[in-house]
Structure formats: C-alpha cells, structure tokens
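In terms of our numbering, the sequence shown opens at residue 295 and continues consecutively.
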Amino acid sequence: NNDEPEECLNFSTYYVDIPFANNQPSTLYSVKFIGGSADLIPVAEDLDNRPHIAYNPSMNVIYAVNGNGNSFDTIDPLTSTSTSTPLPGGLSSINSVVYFNGDLYMGSSGQDNIYQYDIATGTIMTIATEVPVSGGDLVVVNEQLFLATKDNGGAWYLIAGGSAHFVTNTPG
C-alpha cells in the first residue's frame with residue numbers, strides 16, 4: 295500500500311555469527327547501534343547446528359532453531375539463559391524462521407516445505423509444500439506470511455493455501 299510507514303521506536307536487533315565450517319558453534323549477539331557504529335554484545339555462545347533465529351517481543355525471548363531441525367533453544371537475552379526443546383523427527387535443513395502469534399514458522403530447504411509449530415502445544419503441521427526455500431527468510435507483513443528466497447536470482451512469495459505464490463523478483 296502507499297501509506298506512510300510508522301516510525302518504530304521500540305525494537306531489538308540480534309545477529310547470529312554462523313561460521314563457514316559446519317561443525318563450529320555459533321554465537322548470538324545483541325546489536326546496539328550507536329551513531330555510525332554497532333556494538334555486538336554476546337547473548338548466547340556455543341549454539342550448535344547453524345541456528346536461525348526468531349524474536350518473540352511479547353515474552354522478550356529469542357528462538358534459535360537448529361539448522362538440522364532436531365530442536366530449538368529459547369533464549370532470554372537479558373539473563374543469557376536458555377532451554378532446549380526437541381522438535382518432531384523428520385525435519386532437516388531449517389534455514390528460515392519467524393515467530394508470529396504463538397507459532398514458529400520454519401522453512402526447510404531439505405524438504406521444500408514451510409512448517410507451523412505451536413509453541414504452547416508442541417504440535418507441528420506442514421502449511422505449504424513444494425516451496426523454493428533455498429537461502430530464504432520468512433517474514434510476516436499485515437498478518438500474511440512471506441518468503442524471500444534466492445530462487446531464480448531472488449524472489450518474494452506469499453505463503454497461503456498450502457503453497458507458495460510468486461509475488462515479485464527481488465533486486466540484487
């Protein structure tokens with residue numbers, strides 16, 4: 295739409311340093327922007343399996359989903375404490391995650407599926423199949439789930455009705 299965006303004054307920025315080597319642990323940082331620079335403050339270290347993160351603003355926790363699809367860590371960024379939660383078997387190559395309304399949405403490039411995981415009940419379901427997740431990021435805009443992916447040089451998809459609907463190519 296053509297509405298002017300509202301200025302967001304209450305936000306948090308987090309970054310996961312994922313090493314090139316698959317067997318090295320990752321570190322989660324809080325990013326504080328000051329003037330023209332950024333300070334990285336370690337929040338959680340020794341995260342395994344190349345995690346992808348999602349932020350729950352209502353509970354102020356970060357979910358770090360292991361890239362292998364076995365589990366996710368719930369991390370309190372204020373205390374740097376975490377708890378691990380196993381995910382149902384069969385997931386792999388999780389490389390995109392977003393939190394929305396009590397659910398974790400996860401994209402698997404290994405299965406080309408998008409999954410919805412209910413954090414309260416621990417149930418998971420496939421919400422879209424044959425999705426080009428490769429190198430993707432999930433985001434919720436106006437309560438709709440979108441995937442930005444490296445597919446075909448970069449593309450934007452709406453995830454709805456059990457599949458991915460091409461929206462537009464992305465620049466770059």
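By construction, the Cβ of each residue, glycine as well, lies at the ideal position given by its N, Cα and C atoms.
{"Query": "Assumed close pair S365, S403 - CB separation to whole angstroms, cut-off 8 Å", "Result": "Their Cβ separation, rounded to whole angstroms, is 18 Å, which puts S365 and S403 out of contact at 8 Å."}
{"Query": "Cα-Cα separation between P262 and S320, rounded to whole angstroms", "Result": "Any question about residue 262 goes unanswered here, given that the chain covers just 295 to 466."}
{"Query": "Backbone CA spacing between T373 and M353 [nearest angstrom]", "Result": "13 Å"}
{"Query": "Per-residue burial, N360 [other beta carbons within 10 Å of its own, 16 or more giving buried]", "Result": "buried"}
{"Query": "Spatially closest choice to I408 from V310, S386 and L341, by CA coordinates", "Result": "S386"}
{"Query": "Buried versus exposed call for S376 [16 or more other C-beta atoms within 10 Å across all chains shown]", "Result": "buried"}
{"Query": "C-beta atoms of Y451 and L398 nearer than 9 Å", "Result": "no"}
{"Query": "Cβ neighbours of L439 in the same chain (closer than 7 Å, five flanking residues each side left out)", "Result": "Y399, L432 and I453"}
{"Query": "Cutoff 9 Å: I369 Cβ touching any chain D Cβ", "Result": "Although the question refers to chain D, the structure presented lacks it and comprises just one protein chain."}
{"Query": "Element boundaries [beta strand (DSSP E), containing V355]", "Result": "V355 to V359"}
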